[in-house]
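To start, the structure under review is shown below, and the notes come after it.
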Amino acid sequence: MFHADRLIAAFDGSDDSKKALQKAIDLSKTLHATLTVVHSHNAKDTQKIVDSPMPGTGATYIGGGIASVPDPLNTEGTVRDPMIYEDRTEEVIAEARMLMNDNQIDGDIDILEGDPADAIIEHADRIAADLIVMGSRDQNKLKKLLFGSVSEKLSSKSDIPVLIVK
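Residue numbers for the sequence shown follow numbering that gives the first Met the number 0, beginning at 0 and rising by one.
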């Protein structure tokens with residue numbers, strides 16, 4: 000029988016990662032293993048929430064067209080395009096913690112930086128994890144062909160067993 004003392008569950012808030020976290024929680028209980036949930040924050044994956052200014056308005060529009068305060072230092076009547084990005088990290092962590100609480104399980108939630116597959120592997124090595132559990136997200140076929148999926152990259156690079164939950 001497989002034995003594991005420490006599990007890592009990769010979590011990004013997607014439905015597939017929720018299934019994977021639930022599987023990791025169940026395995027953690029069955030195997031009496033500690034559970035660490037990891038969320039990889041990659042700056043290039045953050046979502047831009049400020050659109051370019053509307054021509055001639057001097058205002059920047061956020062999301063669905065709510066005007067922000069015009070830049071008082073801008074004397075030309077147009078706003079420079081501020082680089083404001085939304086990061087879902089706090090929301091994702093809250094979701095993971097809620098799922099863990101609902102299942103009455105304790106565990107750490109760690110935020111990782113950089114390429115998700117590489118960051119998860121490095122962290123798994125660092126904490127001596129015995130198993131990595133993650134979801135398999137269906138993605139755009141062209142993107143998958145060009146870049147590969149995180150689950151494929153992680154499973155091919157990792158020396159630690161990887162369970163991909165569908």
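By construction, the Cβ of each residue, glycine as well, lies at the ideal position given by its N, Cα and C atoms.
Practice task
Look up residue 135 in the DSSP assignment and say whether it is helix, strand or coil.
Solution key: Position 136 of the sequence shown, counted from the start, is the residue given in the question as residue 135. Residue 135 falls in the coil class under three-state DSSP.
Looking at chain C, is there any beta carbon in it that lies within less than 8 Å of the beta carbon of residue 89? Annotation note: the requested chain C is absent from the structure, which comprises a single protein chain.
ask   = Taking Cβ to Cβ, would you say residue 113 is nearer than 8 Å to residue 35?
value = Here residue 113 refers to the residue found at position 114 when the sequence shown is read from its first residue. Here residue 35 refers to the residue found at position 36 when the sequence shown is read from its first residue. Going by C-beta atoms, residue 113 is not nearer than 8 Å to residue 35.
Thinking just about the alpha-carbon of each residue, which of 129, 30, 17 is nearest to the one in residue 38? Residue 38 sits at position 39 when you count from the first residue of the sequence shown. Answer by Cα proximity: 17.
Compare the C-alpha of residue 160 against each of 135, 120, 149, 12 and name the closest.
As a first step, residue 160 must be located in the sequence shown, where it is residue number 161. Looking only at 135, 120, 149, 12, the smallest Cα-Cα distance to residue 160 is reached by 120.
request  = Whole angstroms is fine: what's the gap from residue 15's alpha carbon to residue 26's?
outcome  = In the sequence shown, counting from the first residue as 1, residue 15 sits at position 16. In the sequence shown, counting from the first residue as 1, residue 26 sits at position 27. For residue 15 and residue 26, the distance between alpha carbons rounds to 16 Å.
Next on the checklist: Quick check: the Cα distance between residue 88 and residue 2, rounded to an integer number of angstroms?
Outcome noted: The residue labelled residue 88 in the question sits at position 89 within the sequence shown. The residue labelled residue 2 in the question sits at position 3 within the sequence shown. C-alpha separation (whole angstroms): 31 Å.
Please report the distance separating the alpha-carbon of residue 135 from that of residue 29. Numbered from its first residue, the sequence shown carries residue 135 at position 136. Numbered from its first residue, the sequence shown carries residue 29 at position 30. Using only the alpha carbons, I get a separation of about 23 Å.
DSSP three-state assignment for residue 87, whether helix, strand or coil:
One-based indexing of the sequence shown puts residue 87 at position 88. If DSSP states are grouped into helix, strand and coil, residue 87 belongs with coil.
Go through its chain and collect everything with a Cβ distance to residue 154's Cβ below 7 Å, but skip five positions before and after it.
In the sequence shown, residue 154 corresponds to position 155, counting from 1. Closer than 7 Å at Cβ, skipping near neighbours: 161, 163.
- Query: For residue 104, which residues from the same chain have a beta carbon less than 8 Å from its beta carbon, with the 5 sequence-adjacent residues on both sides left out?
  - Reply: The count along the sequence shown starts at 1 and reaches residue 104 at position 105. Within the same chain, residue 104 has close Cβ partners 24, 27, 28, 34.
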